[in-house]
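Heads up, the thing below is written out as structure tokens.
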Amino acid sequence: PQRGENAHEFALRMLLYSIQSAANRYHRHMEPILSLSIDFYVRVFVRISTNRQEANRSASRTAMVFTCNGCRLFHLQTLGRVETRKADEKPQNESFRVVPCSLVEELTNPSCTNCGGRFSISGPIYSAPLHNESAVQKLIQSLDSKSDYLAAKERVKALLCNALDEVQDQPLFLHLPSMCKILRVTSPPHATIRGAIRSQGYRESASHITPDALKTDAPHRLCWDILRCWTTKQMEHQQPKKFKLSEDSVGSRILSKPPSLIQLKDIDWDAKQKSRGVLRFPKNPANWGPKARARSLNETETKSDAVEYAKRLKEAEDTDNPQG
298 PQRGENAHEF
308 ALRMLLYSIQ
318 SAANRYHRHM
328 EPILSLSIDF
338 YVRVFVRIST
348 NRQEANRSAS
358 RTAMVFTCNG
368 CRLFHLQTLG
378 RVETRKADEK
388 PQNESFRVVP
398 CSLVEELTNP
408 SCTNCGGRFS
418 ISGPIYSAPL
428 HNESAVQKLI
438 QSLDSKSDYL
448 AAKERVKALL
458 CNALDEVQDQ
468 PLFLHLPSMC
478 KILRVTSPPH
488 ATIRGAIRSQ
498 GYRESASHIT
508 PDALKTDAPH
518 RLCWDILRCW
528 TTKQMEHQQP
538 KKFKLSEDSV
548 GSRILSKPPS
558 LIQLKDIDWD
568 AKQKSRGVLR
578 FPKNPANWGP
588 KARARSLNET
598 ETKSDAVEYA
608 KRLKEAEDTD
618 NPQG
């Protein structure tokens, strides 16, 4: 397992991998319908079907995660890929095979190219989409038409909308506040980061787990380049002492490299984000969640309880034997 900002989604994907592994033993295929991490628990809805061919493709939906110990940049290494081959020219005779994947380019170096840190390995996890988009859309339509009796309608709709808007084919996410903490700079507006990513032709979204998440198919180097530009802009308007980093820190090693995929002048810092008119992360009601764990009484309380119990016991004995 992996600790950190991705821990909740990591737990979801580990659970789905376990279900997939159990189904594959019986030549069955697992398809996630809806997978959610809600507060202090996870809940998944899956469809199990008998399909030997899809079960054989499971290696292409499984990956190991390599995470940098310095900047927390992660890379996914898929265990297999599907190759289609033809026995002859007839389409009905098409078949496939699953072959091992080559090492991703970023992992050919023993250290992180962004900050020079070492990698830690975690997994395996389920790397395919967490949700079935058509099923989630039907749930939202049903919720709008037949759910007046639900007290938590607003919260359920927010979860479904967040799940539907996620970039489905990108496992895990970047956490903007944690990235900015490494650079010791205030976090930029989310609309700025997302607008800069979209301007380069990539997709982006938040996550149903946290509003600070950034799921994108853009290279992670682009996100760090945007933060480098943001730090440069902040240093122009604030005191340099606030951004002072030690020479051997992770932040200084990141800032020592100039942006390569985007420049400061190419970013619209005043970009606005369109809203769907849905409250994405409603507040939990009062007294929500598990209560405090049971605790033992301290020594003073224990003694007072013992004295009170002995007193009541003596009164009961006197009542039973009034003549002593």
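In the working numbering, each residue carries its 1-based index in the sequence shown increased by 297. Ideal Cβ positions, reconstructed from N, Cα and C, are used throughout, including at glycine. Keep in mind the model is a prediction, meaning the values are calculated, not measured.
Check whether the Cβ atoms of S332 and L313 sit closer than 8 angstroms, and answer yes or no. yes
Express the C-alpha separation of T359 and S431 in angstroms, rounding to a whole number. 23 angstroms
Just checking, does the segment 347 to 367 make contact with the segment 411 to 418 on the three C-beta pairs under 8 angstroms criterion? yes
Rounded to the nearest angstrom, what separates F393 and R300 at their Cα positions? Between the alpha carbons of F393 and R300 lies a distance of about 37 angstroms.
According to DSSP, is Y323 part of a helix, a strand, or is it coil? coil
At the level of alpha carbons, what is the spacing between K450 and R481? 39 angstroms
Roughly how many angstroms lie between the CA atoms of L440 and V453, to the nearest whole one? 9 angstroms
Classification of R609 by the beta-carbon crowding that lies within 10 angstroms, buried from 16 upward: exposed
Return the chain-ordered list of same chain residues with a C-beta closer than 8 angstroms to the C-beta of L576, the five sequence neighbours on each side being excluded. E451 and A455
Under the three-state reduction of DSSP, which class applies to E501: helix, strand or coil? In this structure, E501 counts as strand in the three-state DSSP scheme.
C-alpha distance - P556 paired with W585, whole-angstrom precision: 44 angstroms
Evaluate contact between the segment 464 to 481 and the segment 498 to 508, counting only Cβ atoms and requiring at least three cross-stretch pairs below 8 angstroms. yes
Between which two residues does the alpha helix (DSSP H) harbouring Q360 extend? Residue identity check: residue 360 is Ala in the sequence provided, not Gln. Run containing A360: none in the alpha helix (DSSP H); it sits in the beta strand (DSSP E), T359 to C365.
CB contact flag (C398, Q434, <8 angstroms): no
Determine the DSSP secondary structure at I345, reduced to helix, strand or coil. strand
Supposed close pair L561, C526 - CB separation, criterion 8 angstroms: 4 angstroms
Can you list, in chain order, the residues of its chain with a C-beta nearer than 7 angstroms to that of V401? Leave out the 5 residues immediately preceding and following it. H372 and Q374
Within its chain, find whatever has a CB closer than 8 angstroms to the CB of P516; leave out the 5 residues flanking it on each side and keep chain order. Counting only residues of its own chain and dropping the five nearest sequence neighbours on each side, P516 has a CB closer than 8 angstroms to the CB of L558.
How is Q374 classed by DSSP in three states: helix, strand or coil? strand
Quick check on the burial criterion: 16 or more other C-beta atoms within 10 angstroms. Buried or exposed for Y270? Summary: the structure shown does not reach residue 270, with the chain confined to residues 298 through 621, and so no result is reported for it.
Leaving out five residues on either side along the sequence, give the residues of the same chain with a beta carbon under 6 angstroms from the beta carbon of S484. L473, P474 and C477
Output the distance between the C-alpha atoms of N429 and D545, rounded to the nearest integer angstrom. 45 angstroms
CB of C368 within 8 angstroms of CB of I479, strictly: yes
K512 and V464 closer than 8 angstroms at C-beta: yes
Identity of the residue in D336, L436, G377 and I551 nearest S355 by Cα: G377
Inter-residue Cα distance where the pair is S318 and E533: S318 and E533 have their C-alpha atoms spaced approximately 53 angstroms apart.
Tell me which same chain residues have a C-beta within less than 7 angstroms of the C-beta of C412, skipping the five on either side of it? C365, G367, C368, V547, R550 and I551
Specify, as a first and last residue, the run of the beta strand (DSSP E) that A510 falls within. A510 to T513
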